[in-house]
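In terms of the numbering used here, the first sequence opens at residue 19 and continues consecutively. Backbone N, C-alpha and C define an ideal beta-carbon position, used for all residues, glycine too. As the structure is a computational prediction, the values presented were derived from the model and not from experiment. Notes follow the structure.
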Amino acid sequence: MNVVKKRRTLLIAGPTASGKSVVALALAEKLNGEIVNADAIQVYKDLEIISARPGRHETMRAPHLLFGHIDGAVRYSVGAWLAEIGNVLQRVWSKERVAIIVGGTGLYFRALTSGLAATPAISEQVRSDARERLSNTGIHRFREEIIAFDPEITRLAVADVQRHLRAYEVFAETGIPLSVWQNTGSTGLIGSSAPRVVIEPNRETLYSAIEERFDAMMDAGALDEVKRLAARGLDRSLPVMKAVGAMELLGFLGGELNISEAIALAKRNSRRLAKRQLTWFRNQAADWPRAASSEEAVRLLAEQRYLAEWG
RNA sequence: GGAGGGGUGGGAGAGUGGCUAAAUCCAGCAGACUGUAAAUCUGCCCGCUUCGGCGUACGAUGGUUCGAAUCCAUCCCCCUCCA
C-alpha cells in the first residue's frame with residue numbers, strides 16, 4: 019500500500035437533475051480526477067436509466083466509482099456506503115489523483131464529513147422480530163416500549179414508523195439505546211477544508227429539467243428497465259423498488275396506474291424529491307458555497323486555489 | 001328562440017340558513033432528518049399577524065333574516081338537450 023500523502027477531494031452536491039454529473043466530468047478531465055458516487059440509488063445495478071446514472075459516454079471520459087455496483091436485492095445503506103468509500107478514497111488518493119465525490123444524498127455527505135455512529139449491523143432475525151412486535155402491539159405501545167429504554171425517542175413523531183423501528187432494532191441488537199450510539203461520534207473521512215459546492219438552480223429551471231429528463235428516460239427505455247426489475251420479483255420494501263420513477267412504473271406494470279398517470283406521478287415525485295434535497299442542503303449544509311447552475315459550479319470550484327495546485 | 005343544469009379558495013370538488021375561512025383530493029411552500037435517506041416524518045397553503053387573533057370572502061348587485069356560500073330579485077357568464 020502506498021502512503022497517502024495528499025487527500026485531494028472535491029465535493030459536489032445538489033438536487034436531482036441539477037447538472038452535477040456535468041460538473042463532475044468537467045473537473046475530472048481538468049484535474050485528472052476520479053468520480054465517486056454519493057447517491058443512494060445510483061449504486062444499484064438494476065437502475066441505470068431511471069437513476070440517471072452516468073453511462074458509457076461518461077465512464078469513458080473518467081473513472082466512475084461506486085456506481086451501479088450493488089444488486090437490487092441488497093438493502094444498501096449509508097453505513098455500507100461509508101465503509102466502501104473509505105477504501106475507494108484510499109485507492110484514489112494513493113494514485114495521487116483527485117476524488118470528486120458527487121451526489122444528491124445529503125446523509126451520505128454528512129456521514130462522510132462528520133462520521134457515523136458505530137452501530138453494528140442488524141441481523142435479519144432482529145429486523146423481523148421488530149416488525150412483528152410492532153404489528154402485534156401497535157405503534158403506541160411499541161413507542162412506549164422504546165421510550166422506556168431510550169427517552170430521547172419522545173422527539174420522534176408517532177407516525178414516523180421507520181425511525182421507531184430503527185430505534186427498536188438497535189436496542190434489541192446491542193442492548194444500547196440508539197441515542198447513546200449516536201453520541202459516540204466518529205470523525206469524518208473528509209476534512210472541512212475540502213473544496214465543495216452545492217448546485218442550487220432556481221425552482222422553475224429545475225422542475226422543467228426534471229420533466230424533460232423523465233421524458234428522455236422513457237424514450238431511452240426506462241420502462242423496459244423497470245420491466246426487468248419487476249421480473250425479478252423482489253420484495254417491494256427494498257430501496258431499489260422505492261426509487262422515484264421505478265416505483266411509479268412498477269405501479270403501471272402492476273395495473274394500478276395507467277401509463278400517463280404513472281409518468282405524471284413520477285415527475286411529481288421527482289419534483290418533491292428535489293425539493294427535499296434542496297431543503298436538506300439549505301439547512302444541513304448551510305455553510306457550503308452555492309452555485310445557481312452547473313456552469314457557475316465549475317467556475318466557482320475552478321477559482322479555488324486548490325485546483326490550481328492540483329491541476 | 002325553447003327546456004334544463006351550473007358558476008365555491010391555485011386546480012378539481014363537497015357544502016344548501018348559524019357548528020364554515022369553508023370537508024376532501026391534487027398542485028405548491030416551509031421544516032425535520034445519524035445505517036430504507038430517491039426513504040421516513042411534520043407544519044403551512046385568502047390577506048395581515050406578537051400565531052392568540054383580526055380583516056375580507058363562495059360570479060355581480062340589491063334584498064329577506066338576529067344571522068346567508070346556502071333563501072328571494074335582477075344582471076353577467078358557462079354547459080347540455082330541443083328547435
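Here the region 114-132 makes no contact with the region 142-159; the two share fewer than three CB pairs at distances below 8 Å. Excluding the 5 residues flanking it on each side, Ala315 has same chain C-beta neighbours closer than 6 Å at Val41, Val215, Ile217, Ala309, in chain order. Taking one beta carbon from each stretch, the region 25-35 and the region 218-237 have 3 or more pairs nearer than 8 Å; the two touch. As summarised for the region 183-255, the continuous alpha helix (DSSP H) elements at least 4 residues long and confined to that stretch are 196-201, 221-237, 240-249, given in chain order. Taking 8 Å as the cut-off, the beta carbon of Trp306 is found no closer than this to the beta carbon of Gly124. Taking 8 Å as the cut-off, the beta carbon of Ser197 is found no closer than this to the beta carbon of Gly133.
Of the candidates Ala91, Ile53, Arg74, the residue whose Cα lies closest to the Cα of Lys63 is Ala91.
Assigned with DSSP and collapsed to three states, Arg290 falls in helix. Three or more pairs of CB atoms, one per stretch, sit closer than 8 Å, so the region 66-74 contacts the region 236-253. In the structure shown, Val262 falls within a coil segment according to DSSP collapsed to helix, strand and coil.
Here the region 80-100 makes no contact with the region 167-180; the two share fewer than three CB pairs at distances below 8 Å. For Ala148, the three-state secondary structure derived from DSSP is helix. Asn301 and Gly193 have their alpha carbons spaced roughly 33 Å apart.
Between the region 221-234 and the region 248-258, the count of Cβ pairs shorter than 8 Å is below three; the stretches do not touch.
As the crow flies, the alpha-carbon of Ala46 is around 20 Å from that of Leu207. Within its own chain, the residues whose Cβ lies closer than 7 Å to the Cβ of Gly104, once the five positions on either side in sequence are excluded, are Leu207, listed in chain order. In the displayed model, Asn55 falls within a strand according to three-state DSSP. About 10 Å separates the beta carbon of Tyr225 from that of Arg290, a gap too long to meet the 8 Å contact definition. In the DSSP annotation of this structure, the continuous segment of the beta strand (DSSP E) that includes Thr27 starts and ends at 27-31.
The beta carbon of Arg250 lies closer than 8 Å to those of Asp64, Gly90, Ala91 in the same chain, with the five residues before and after it left out. DSSP, reduced to helix, strand and coil, places Arg308 within a strand of the structure shown. Contact annotation: Thr137 and Val179 have beta-carbon atoms that are not nearer than 8 Å. Residue pairing by DSSP leaves His158 without any beta bridge partner. About 4 Å separates the Cβ atoms of Glu52 and Pro81, confirming a contact at the 8 Å cut-off. Membership of Gly121 in the beta strand (DSSP E) is indicated by the continuous run 116-121. In this structure Ala135 touches Gln200 by the C-beta definition: roughly 5 Å separates them, less than 8 Å. With a beta-carbon spacing of about 7 Å, Ile119 and Leu28 fall inside the 8 Å limit used to define contacts. Counting C-beta atoms within 10 angstroms of its own C-beta, Val176 has fewer than 16 neighbours from the protein chains shown and is therefore classed as exposed.
Taking C-alpha positions only, Leu183 is separated from Gly156 by approximately 12 Å.
For Glu162, the closest C-alpha among the options Ala185, Val144, Leu283 is that of Ala185. Here Ile88 is bridged, per DSSP, to Tyr62.
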